[in-house]
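Peer 1: By numbering that gives the first Met the number 0, the letter at position 2 of the sequence shown is numbered 1, and the numbering carries on one by one without gaps.
Positions of the beta carbon are idealized from the N, C-alpha and C atoms, including for glycine.
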Amino acid sequence: MDVNGFSYFSSHRQFLRSYKVLESLYIQYKDKGIPMNRADFSGAFFGCYDYLSSLSPEDVALLKSDIGLHCKIVMFDTIKLHIIAENPRLLQIPGLQRIF
Numbered sequence: 000m001d002v003n004g005f006s007y008f009s010s011h012r013q014f015l016r017s018y019k020v021l022e023s024l025y026i027q028y029k030d031k032g033i034p035m036n037r038a039d040f041s042g043a044f045f046g047c048y049d050y051l052s053s054l055s056p057e058d059v060a061l062l063k064s065d066i067g068l069h070c071k072i073v074m075f076d077t078i079k080l081h082i083i084a085e086n087p088r089l090l091q092i093p094g095l096q097r098i099f
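(1) Which term fits ILE92, buried or exposed, when burial requires 16 or more other beta carbons within 10 angstroms of its beta carbon?
(2) State yes or no: is the C-beta of LYS63 within less than 8 Å of the C-beta of TYR18?
(3) Since PHE75 contacts PHE99 with CB under 8 Å, what's their CB separation in whole angstroms?
(4) Would you mind stating whether ASP58 and VAL2 have Cβ atoms separated by less than 8 Å?
(5) Using the three-state DSSP reduction, which class does SER64 fall into: helix, strand or coil?
(6) PHE14: which of LYS79, HIS81, GLY94, LEU51 sits nearest, CA to CA?
(7) Are ILE83 and TYR25 touching if we call contact CB-CB under 8 Å?
(8) ARG12: which of ARG88, LEU68, GLN96, LYS31 sits nearest, CA to CA?
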């Protein structure tokens, strides 16, 4: 499958929508404290996390071959590390330390 093949999956389209919300809220709140208690932020974060976690390492590598998706995945990892730094108890979630 090529990168464009992922666009046909509703889960991929949902990832892109969730990422857009996540990035927007992160930019808005990154200096004020990450609002994990906001349903829209945590929903977008875990929507992205669930999607990326469901992919094989080969699928993630294929997505990363597209520069736009590569940037989104790297930025998601950055946001995730920032969230973990502010909320170390999140490390109890299995697999959350995984870097995509």
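Peer 2: Taking the geometry as given:
(1) By the neighbour-count rule (16 or more Cβ atoms within 10 Å), ILE92 is not buried but exposed.
(2) TYR18 sits away from LYS63, with the two beta carbons spaced by 8 Å or more.
(3) Confirmed, about 7 Å.
(4) Taking 8 Å as the Cβ cut-off, ASP58 and VAL2 do not qualify as a contacting pair.
(5) The answer is coil: DSSP assigns SER64 none of H, G, I, E or B.
(6) When C-alpha distances from PHE14 are compared across LYS79, HIS81, GLY94, LEU51, the shortest belongs to LEU51.
(7) Remark: C-beta atoms of ILE83 and TYR25 do not approach each other more closely than 8 Å.
(8) Comparing alpha carbon positions, the residue from ARG88, LEU68, GLN96, LYS31 closest to ARG12 is LEU68.
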